[in-house]
């Protein structure tokens, strides 16, 4: 299986192209923006995982409900979704 890995030559080429496109004065600003974006992404992922673990007991309880109750709950959810449109 082919794995895409960047070596030193590729990284230097990318850096050179970025330098040509944006100039040396804008590169630190772009790097800061990229760092902030990565931090926000990681924060969002961790918040999503935390929210998912909070809802886990509710999901388990819903799975234990009899089929008729789950079907009625699904119908009511579908009707609320249609009304919201």
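Residue numbers (the numbering used here): 183 to 267.
Glycine included, every Cβ here is placed at the ideal spot set by N, Cα and C.
Proximity below 8 Å, CB of residue i to CB of residue j
{"i": "residue 201", "j": "residue 209", "result": "yes"}
{"i": "residue 204", "j": "residue 212", "result": "yes"}
Local conformation of residue i per DSSP, three classes
{"i": "residue 206", "result": "coil"}
{"i": "residue 197", "result": "helix"}
{"i": "residue 187", "result": "coil"}
Chain D within 8 Å of residue i, Cβ atoms only
{"i": "residue 226", "result": "The chain inventory of the structure shown lacks chain D, comprising one protein chain alone."}
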